[in-house]
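Heads up: the sequence shown runs through residues 0 to 150, numbered per numbering that gives the first Met the number 0.
Ideal Cβ placement from N, Cα and C applies to all residues, glycine included.
Only one structure is covered here, and it is reproduced in the block below.
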Amino acid sequence: MRHLLVVLSALILPTAAQASTIYYGNKVGMELTIVKKTGIGSTHAGILAKHSRQKARVYCREYGHDFSEDCIAAEMKAPLHFEIIANCKTGKFTTFYGANMLFQGRNKGTDVTTDYLITDTDENVLLDGSGASSYDVTLDQFKALCPNRVR
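Rendered as structure tokens:
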């Protein structure tokens, strides 16, 4: 009986871990399923994710009010990088759009009103917390990679 419980636990736990999701955008349905996590919290943190037709359908219906298969097919072809990585020590990380970012820690009195400072190093722009900057989604991706850096 004890061995049966161990085997069942081993089968159930990976399934639950694989079922977790992460947002790649700030609109409903812009969500990926996490396939694998490696080195979380380290200098080589990584998350591998995949898109699903189910989430693409939610995006099309709820955000775009489009119930067509063409919308779902187009969303499935969104130009995403399905792996994000981070060096939690330096704060350098990537997003699902392939952007290079730098997490700089708590905001201590800058002109932006965000809790943390994040710079898009490709554009040399500090994310300002607006929806257009995707600050919340970007911070959540960094949190998933480096949970101990964001408190």
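C-beta contact flag for Gln103 and Thr89 at 8 angstroms: In this structure, Thr89 does not lie closer than 8 angstroms to Gln103 by Cβ.
Length-filtered (4 minimum) alpha helix (DSSP H) runs lying within the segment 60 to 126: As for any alpha helix (DSSP H) of minimum length 4 sitting wholly inside the segment 60 to 126, the runs are 68 to 75, ordered along the chain.
Inter-residue spacing [alpha-carbon to alpha-carbon] between Ala9 and His50: Here the model assigns Ala9 a pLDDT of 42, short of 50, so the residue's position is not dependable, and the following value carries that caveat. In a straight line, the C-alpha of Ala9 is about 25 angstroms away from that of His50.
Check whether Arg60 and Met75 have beta carbons under 8 angstroms apart: In this structure, Met75 does not lie closer than 8 angstroms to Arg60 by Cβ.
Residues that DSSP places opposite Lys36 in a beta bridge: Per DSSP, Ile46.
Where Tyr22 falls: helix, strand or coil (DSSP): Here Tyr22 sits in strand by DSSP.
Three-pair Cβ contact test at 8 angstroms for the segment 128 to 148 versus the segment 86 to 101: Because the criterion of three Cβ pairs below 8 angstroms is met, the segment 128 to 148 and the segment 86 to 101 touch.
Close Cβ partners of Glu30 (< 6 angstroms) along its chain, the five nearest in sequence each way excluded: For Glu30, where only same-chain residues beyond five positions count, the Cβ hits under 6 angstroms are Thr20, Tyr22, Lys54.
Alpha carbon of Gly128 to alpha carbon of Thr113, nearest angstrom: Looking at the two C-alpha atoms, the distance is approximately 6 angstroms.
Spatial distance of Ile33 from Leu144 (CA atoms): Cα-Cα distance, rounded: 12 angstroms.
Sheet register partners of Leu31 (DSSP bridge): Partner(s): Ile21.
N- and C-terminal bounds of the alpha helix (DSSP H) containing Arg52: Here the alpha helix (DSSP H) through Arg52 covers 52 to 57.
Pairwise C-alpha distance: Glu68 and Thr109: Between Thr109 and Glu68, the alpha-carbon positions lie close to 46 angstroms from each other.
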